[in-house]
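Here's the structure we're looking at; comments come further down.
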Amino acid sequence: MMSPKRSAQADDLRMNPDGLYLEEVFTDLEVGSIRRLTPVKADGTLDPTRPTRFLGQTQLMTRAGPLPLEMPIEASNLKEAAERFGEAIEAAMQRIAEQIERHQIEQARQIVVPASGAMPPPPGIGSGPNNLIIR
32 MMSPKRSAQA DDLRMNPDGL YLEEVFTDLE VGSIRRLTPV KADGTLDPTR PTRFLGQTQL
92 MTRAGPLPLE MPIEASNLKE AAERFGEAIE AAMQRIAEQI ERHQIEQARQ IVVPASGAMP
152 PPPGIGSGPN NLIIR
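The sequence shown maps to residues 32 to 166 in our numbering.
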């Protein structure tokens with residue numbers, strides 16, 4: 032018999048038969064790839080009541096190594112998706128830059144510098160040239 036906790040996890044893993052897509056991948060072997068997600072019914076036939084979706088995929092080279100990037104592309108066909116690939120990457124990079132900036136601001140707010148004249152920390156804690164305490 033399955034425990035209630037195990038059963039809840041199994042329920043979370045059920046696929047929605049009304050939300051299935053056929054996935055196809057197209058690439059130019061240079062910049063990236065486009066995934067075309069065509070809606071299908073549970074029996075595998077095309078579902079014309081839902082829109083086809085396009086996702087662009089590429090990698091950005093950073094000092095830390097390649098960073099995978101995936102972004103939606105607003106398009107009605109594959110040719111249009113390929114033409115809009117670059118602008119979709121630009122928009123995704125802009126969102127990432129904004130997220131990094133927000134993260135850096137949040138991290139900077141958490142740094143506490145002791146006020147001048149404050150008691151020094153106990154021996155072995157925070158000693159050294161960079162005497163910052165981080166909450």
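Cβ coordinates follow ideal geometry from the N, Cα and C atoms, glycine included. Since the structure is predicted, the reported quantities are computational estimates derived from the model, not experimental observations.
Report the CB separation of residue 60 from residue 69 in whole angstroms; it is logged as a contact under 8 Å.
The pair is not a contact, with the Cβ atoms about 23 Å apart (cut-off 8 Å).
Are residue 102 and residue 122 close, meaning C-beta to C-beta below 8 Å?
yes
Is DSSP giving residue 90 helix, strand or coil here?
strand
Across which residues does DSSP place residue 102 in a beta bridge pair?
87
Roughly how many whole angstroms lie between the Cα atoms of residue 72 and residue 40?
25 Å
Just the Cα atoms here: how many angstroms apart are residue 88 and residue 126?
15 Å
When we look at the beta-carbon of residue 142 and count the other beta-carbons within 10 Å, is it buried (16 or more) or exposed?
exposed
How is residue 54 classed by DSSP in three states: helix, strand or coil?
strand
Rounded to whole angstroms, what is the Cα-Cα separation between residue 80 and residue 50?
11 Å
One or two residues paired with residue 71 in a DSSP bridge:
77
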